[in-house]
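Visitor: Take a look at this one; I'll ask things after.
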Amino acid sequence: MEKINLQSLLKQMSIEEKVGQLVQLPTEFFKAGETTETTGPLEKLGLSKDYNVFNTGSALNVTNAKLIKEIQSNFLANSKHKIPLLFMADIIYGNKTVMPIPLAQSCSFDFEAIKDCASLIAAESYNDGYHVTFSPMLDIVRDPRWGRVMESFGEDVYVGKQFAKAMIQGFQGENSKLSSGHLAACLKHFACYGAPLAGRDYGAVDLSLQQFYEVHLPAYKAALDNGCKMVMTSFNTINGVPATGNKWLNRKVLRKELNFDGVLITDYAAIKELVVHGVVADEYEAAKLAMECGVDIDMKTAVFANNIEKLIANEDLNIDLLDEAVLRVLRLKEELGLFSNPYRGLEKPVSEQSVEDKKETVLNLARKTSVLLKNNGILPLDTKKKIALIGPHAELKGQFGMWAFLGERELSVDLKSALEKYFTADKLSYAEGSNILLDYSNLGFSTNAGDISKLFPVKNQEDLEKEALAVAQNSDIIVLAIGESMMESGEAASKTDLRLSQPQRNLIKKLAKLNKPMVALIYAGRPLLLSDIEEYFAAILYTWFPGTYGNIANAEILVGECNPSGKLSMTFPKNMGQIPIHYATYRSGRPIIADDVAYRFTSRYLDCSNAPLYPFGYGLNYSNFEITNIKSNKYEFTKDSLPIISATITNNSDIEGCEVVQLYIKDDVASISRPISELKATQRVQMAAWQSKTVEFKLEIEDLKFYNNELDYNSEPGTFTVSISNCSNDLENHVIIKLL
Ligand code: BGC
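Using the working numbering, read the sequence shown as starting at 4 and increasing by one per residue.
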């Protein structure tokens with residue numbers, strides 16, 4: 004590919020043309036061949052009517068290949084330097100084919116399968132002409148009130164690092180070379196967007212620097228270490244300073260410490276919000292601050308477009324900062340090969356997998372993402388029994404979650420159709436049973452039609468219940484497909500009550516009176532609070548939002564064709580008051596001894612145990628795995644020769660299955676108090692019936708390091724308790740090893 008001389012291109016560009024490269028506008032500005040059409044949008048966005056749309060650097064969320072091609076061709080015909088537009092979009096976990104939501108994906112602990120799915124997304128998106136995806140979201144989340152937890156990998160640092168690496172490798176391809184079939188990834192939201200106080204979206208983040216480096220930074224860092232091309236700033240403040248106007252965060256941490264030389268884009272209108280945060284007086288100052296912070300692209304505002312030229316003319320901004328930012332944008336265009344082929348992907352598509360192969364790739368992940376939370380033996384279902392399939396999710400297609408706008412609903416498989424493969428018509432009856440919500444208007448969504456009730460019609464709840472009771476009466480087992488509406492999680496979907504909706508809870512209680520075994524299949528974008536309903540169920544399978552083919556996997560699990568192996572990547576609380584809750588907590592000088600008021604003066608609640616309903620790392624299966632015989636090949640070691648920790652895993656059942664074996668470490672004594680345990684490695688171990696295997700984990704010195712109060716990152720000599728387990732709450736199987 005011919006290399007273009009970016010420095011000489013830069014020299015030919017006027018300031019106005021350079022500024023354009025830093026502006027990102029949505030579709031309506033680029034309507035093919037209709038320059039005058041832009042007047043309306045220009046005014047709406049606050050851009051001057053003199054703004055030349057054909058200087059713009061990138062386009063946001065254009066919805067299809069045809070439009071991308073038209074826009075690019077019209078753009079190039081009108082732009083002076085013929086610098087192609089970059090097309091960026093929110094293709095977070097699926098384009099046409101949609102994967103289970105990221106929070107579900109991380110429950111698989113199968114990072115190869117996650118990578119394969121990211122490659123599939125990349126190929127579909129490449130062929131549609133997209134260049135950059137605003138994914139992965141790498142914000143660690145320990146508070147399920149925050150609705151965007153569905154886009155995250157959950158609560159754990161180790162999982163975050165593995166997830167980041169898999170997504171970047173899948174999207175960007177081998178060595179992040181962006182070869183055909185791949186996209187540039189944009190990690191988000193830098194930084195700590197997932198930790199707003201009280202779980203309220205866009206809220207302030209206030210945390211120690213030690214937490215920042217130790218808990219929040221590693222996933223972002225792992226993505227950058229794997230060559231992630233772009234970073235998006237976050238909306239929130241961190242310790243008082245908004246991320247988009249935060250010099251320490253962007254210049255010192257991102258550019259210097261993490262060595263990032265790629266493009267930094269703001270989140271949607273985040274530069275403008277610097278004024279609302281009260282750290283600058285007006286948009287002129289906002290543009291100056293963002294430029295000084297090393298921000299390169301202003302997403303969907305007029306702040307850069309209206310102010311950078313003035314800032315330079317007034318000598319309030321050094322032109323070098325502008326050049327630096329423009330070069331970064333141009334370099335990304337070049338890396339993507341856009342100067343030689345602005346229609347990348349559109350003219351020479353890569354051959355995609357066949358629909359059947361795609362289905363297999365997705366199923367290979369989806370079979371591992373649903374988590375079996377409870378089972379008294381009712382599962383797998385006996386297909387000779389009469390099943391009443393009830394619930395508002397049972398016949399629903401396209402359970403994609405909020406962030407899969409391009410997903411093809413028609414491709415997707417609903418649970419009822421998936422189960423029909425295994426049950427004859429006389430054995431499977433269905434009733435909707437309940438609305439998910441009785442009122443959608445308070446979710447704050449408007450539709451083009453202006454009437455939310457058209458999009459989510461609410462039916463007569465009494466009629467639905469009556470029908471469900473009749474169907475259930477005539478069955479042996481009730482399978483309930485219930486959960487959140489997809490609009491209840493995602494952006495701007497923080498909640499204070501994480502129980503299932505009232506109509507669904509009522510339905511459960513009424514059905515329970517029939518005294519038939521009930522199985523719940525729960526669809527949701529976050530860990531819900533299940534304490535008040537879990538007792539009614541003989542089994543609970545938590546399937547999150549499973550994407551295009553997830554219900555095929557769910558049906559396989561329900562009938563025992565697939566043995567579930569998902570493990571929770573996020574703790575499920577027992578009580579709202581326990582939130583935020585996660586397993587890797589810090590120690591207390593007065594740890595809880597027992598749930599007993601006799602131990603009042605310990606670190607506990609008076610009205611609820613400290614324990615979650617379901618802990619991190621937890622998940623049942625149909626086999627019976629046992630982990631024994633943990634040992635280390637040495638009990639004293641130095642930094643240069645670390646031990647191998649091993650254990651025996653046995654399948655005490657005649658059912659083949661897979662266990663996610665987890666290694667946890669506790670630094671017993673250190674210069675600062677360390678968490679009670681931290682996950683450091685996992686292995687999915689496939690086990691035949693009655694098989695025994697040895698699993699081995701080679702420790703790395705990184706596993707023993709931490710940030711002290713001076714922010715030095717190091718390991719300290721002394722003992723470590725190392726456990727091998729299948730859940731974070733059972734660390735009995737351990738060895739004590741000593742770093743000399
Ligand atoms: C979200 C981002 C997203 C952007 C562009 C924002 O509201 O926070 O995650 O990429 O919109 O659509």
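Glycine included, C-beta positions come from ideal geometry on N, C-alpha and C.
Just so it is clear, the structure is predicted and the values come from calculations on it, not from any experiment.
Does DSSP classify Phe263 as helix, strand or coil?
Guide: Counted from its first residue, the sequence shown places residue 263 at position 260. In this structure, Phe263 counts as coil in the three-state DSSP scheme.
Visitor: Taking only three categories from DSSP, how would you classify Asp429?
Guide: Reading the sequence shown from its first residue, position 426 is the one you call residue 429. Helix, per DSSP.
Visitor: Which residue wins for smallest C-alpha separation from Val135, given the options Pro583, Val332, Ser492, Leu514?
Guide: What you label residue 135 is simply residue 132 of the sequence shown in a count that begins at 1. Considering only alpha carbons, the answer is Val332.
Visitor: So does Gly96 have its beta carbon nearer than 7 Å to some heavy atom of the ligand BGC?
Guide: Position 93 of the sequence shown, counted from the start, is the residue given in the question as residue 96. Note that residue 96 is Tyr in the sequence shown here, rather than Gly. Outside the cutoff, so no.
Visitor: Between Ile439 and Ser488, how many whole angstroms is the CB-CB distance? I'm expecting something under 8 Å.
Guide: The residue given as residue 439 occupies position 436 in the sequence shown. The residue given as residue 488 occupies position 485 in the sequence shown. Correct: roughly 4 Å between the Cβ atoms.
Visitor: Can you give the Cα-Cα distance for Tyr216 and Pro615, rounded to whole angstroms?
Guide: For the purposes of this step, residue 216 is taken as the residue at position 213 of the sequence shown. For the purposes of this step, residue 615 is taken as the residue at position 612 of the sequence shown. Their Cα atoms are separated by approximately 26 Å.
Visitor: Which parts of the stretch 457-486 are runs of the beta strand (DSSP E), unbroken and 3 residues or longer, counting only runs that do not cross its ends?
Guide: Qualifying beta strand (DSSP E) stretches, in chain order: 480-486.
Visitor: Quick one: which unbroken beta strand (DSSP E) runs of 3-plus residues sit fully inside the stretch 158-204? Chain order, please.
Guide: Those beta strand (DSSP E) runs which fall completely within the stretch 158-204 and span 3+ residues are 187-193.
Visitor: Just checking my contact of Ala273 with Leu141 at CB under 8 Å: how many whole Å lie between their CB atoms?
Guide: Counting from 1 along the sequence shown, the entry for residue 273 is found at position 270. Counting from 1 along the sequence shown, the entry for residue 141 is found at position 138. Actually they are not in contact, since the Cβ atoms of Ala273 and Leu141 sit about 17 Å apart, beyond 8 Å.
Visitor: Taking a cut-off of 5 Å, which residues have a beta-carbon closer than that to any heavy atom of the ligand BGC, in chain order?
Guide: Chain-ordered list of matching residues: Asp93, Phe137, Asp270, Tyr271.
Visitor: Heavy atom of the ligand MN less than 7 Å from the Cβ of Gln175, yes or no?
Guide: What this structure holds is the ligand BGC, not the ligand MN.
Visitor: Return the Cβ separation of Lys570 and Gly622 in integer angstroms, given the expectation that the two are a contact with Cβ distance under 8 Å.
Guide: As a working mapping, residue 570 is identified with position 567 in the sequence shown. As a working mapping, residue 622 is identified with position 619 in the sequence shown. Indeed, because the Cβ distance is near 4 Å, the residues count as touching under 8 Å.
Visitor: On a Cα-Cα basis, can you pick out the residue from Leu609, Ser343, Arg593, Pro594 that is closest to Val600?
Guide: Locating residue 600 in the sequence shown gives position 597, counting from the first residue. The option with the nearest alpha carbon to Val600 is Leu609.
Visitor: Which same chain residues end up closer than 7 Å to Ser128 when comparing Cβ atoms and leaving out the 5 residues on each side of it in sequence?
Guide: Mapped onto the sequence shown, residue 128 falls at position 125. Ile94, Asn98, Thr136, Leu186, listed in sequence order.
Visitor: So the candidates are Glu413, Gln15, Ala369; which of them puts its Cα closest to the Cα of Cys565?
Guide: Sequence index remark: in the sequence shown, residue 565 carries index 562 (1-based). Ranking Glu413, Gln15, Ala369 by Cα distance to Cys565 puts Ala369 first.
Visitor: Drop a sphere of 10 angstroms on the beta-carbon of Thr39, count the other beta-carbons inside from all chains shown, and report buried for 16 or more, exposed for fewer.
Guide: As a working mapping, residue 39 is identified with position 36 in the sequence shown. The predicted model places Thr39 with a pLDDT of 49, which falls under 50 and marks its position as unreliable; any figure quoted below should be read in that light. Flag for Thr39 reads exposed.
Visitor: Quick one: does Asp385 have its CB under 8 Å from some CB of chain C?
Guide: The question asks about chain C, but that chain is absent: this structure has only one protein chain.
Visitor: Along the chain, where does the beta strand (DSSP E) containing Glu1 start, and where does it finish?
Guide: Because the chain here runs from 4 to 743, residue 1 falls outside it and cannot be looked at.
Visitor: Output needed for Lys701: all residues of its chain with C-beta closer than 6 Å, excluding positions within five of it in sequence on either side, in chain order.
Guide: Within the sequence shown, numbered from 1, the residue matching residue 701 stands at position 698. Answer for Lys701: Ile647, listed in chain order.
Visitor: So, Trp547 versus Pro103, is the Cβ gap smaller than 8 Å?
Guide: For the purposes of this step, residue 547 is taken as residue 544 along the sequence shown, with counting starting at 1. For the purposes of this step, residue 103 is taken as residue 100 along the sequence shown, with counting starting at 1. Their beta carbons are under 8 Å apart, which means Trp547 touches Pro103 by this criterion.
Visitor: According to DSSP, simplified to helix, strand and coil, what is Asp119?
Guide: Counting from 1 along the sequence shown, the entry for residue 119 is found at position 116. Residue state, collapsed to three classes: helix.
Visitor: Per DSSP, which residues does Lys669 bridge with? Please list them.
Guide: Against the sequence shown, residue 669 aligns to sequence position 666. In DSSP, Lys669 forms a bridge with Thr724.
Visitor: Fully enclosed by the stretch 297-352, which alpha helix (DSSP H) runs are 4 residues long or longer?
Guide: Counting only runs of 4 or more, we get 306-316, 322-338.
Visitor: Have a look at the DSSP bridge pairing and note the partners of Met235.
Guide: Reading the sequence shown from its first residue, position 232 is the one you call residue 235. Ile268.
Visitor: With 16 other CB atoms within 10 Å as the buried threshold, where does Asn178 fall?
Guide: For this step, residue 178 is matched to residue 175 along the sequence shown. With fewer than 16 Cβ atoms within 10 Å of its Cβ, Asn178 is classed as exposed.
Visitor: Whole angstroms is fine: what's the gap from Phe744's alpha carbon to Gly265's?
Guide: A question about residue 744 goes unanswered here, because the residues of the chain that appear run from 4 up to 743.
Visitor: Three-state secondary structure (DSSP) at Phe33?
Guide: Counting from one through the sequence shown, the residue named residue 33 turns up at place 30. Three-state DSSP puts Phe33 in a helix.
Visitor: Excluding the 5 residues flanking Arg203 on each side, which residues of the same chain have their C-beta closer than 7 Å to its C-beta?
Guide: Sequence index remark: in the sequence shown, residue 203 carries index 200 (1-based). These residues qualify, in order along the chain: Ser497.
Visitor: Compute the beta-carbon to beta-carbon distance between Phe619 and Thr651, rounded to the nearest angstrom, for a pair I have assumed lies under 8 Å.
Guide: What you label residue 619 is simply residue 616 of the sequence shown in a count that begins at 1. What you label residue 651 is simply residue 648 of the sequence shown in a count that begins at 1. The pair is not a contact, with the Cβ atoms about 24 Å apart (cut-off 8 Å).
Visitor: Going by alpha carbons, who is nearest to Gly410 out of Ile124, Met579, Ser432, Ala201?
Guide: Taking the sequence shown and counting its residues from 1, one reaches residue 410 at position 407. If we check each option's Cα against that of Gly410, Ile124 comes out closest.
Visitor: Can you check whether the CB of Leu503 is closer than 8 Å to the CB of Leu472?
Guide: By 1-based counting over the sequence shown, the position of residue 472 is 469. By 1-based counting over the sequence shown, the position of residue 503 is 500. Going by C-beta atoms, Leu472 is not nearer than 8 Å to Leu503.
Visitor: Among the candidates Leu392, Tyr552, Asn613, Asp715, whose CA atom is the shortest distance from the CA of Lys577?
Guide: For this step, residue 577 is matched to residue 574 along the sequence shown. Minimum Cα distance to Lys577 is reached at Asn613.
Visitor: Does the Cβ of Met4 have 16 or more other Cβ atoms within 10 Å, making it buried, or fewer, making it exposed?
Guide: Against the sequence shown, residue 4 aligns to sequence position 1. Confidence at Met4 is low in this model, with a pLDDT of 47, below 50, so its placement is unreliable and the value that follows should be read with caution. Classification for Met4: exposed.
Visitor: Is Val101 closer than 8 Å to Ser572 when the C-beta atoms are compared?
Guide: Here residue 572 refers to the residue found at position 569 when the sequence shown is read from its first residue. Here residue 101 refers to the residue found at position 98 when the sequence shown is read from its first residue. Taking 8 Å as the Cβ cut-off, Ser572 and Val101 do not qualify as a contacting pair.
Visitor: Taking the continuous alpha helix (DSSP H) assigned at Leu79, which residues delimit it?
Guide: Your numbering for residue 79 matches position 76 in the sequence shown. It spans 68-81 - the alpha helix (DSSP H) in which Leu79 sits, taken as one unbroken run.
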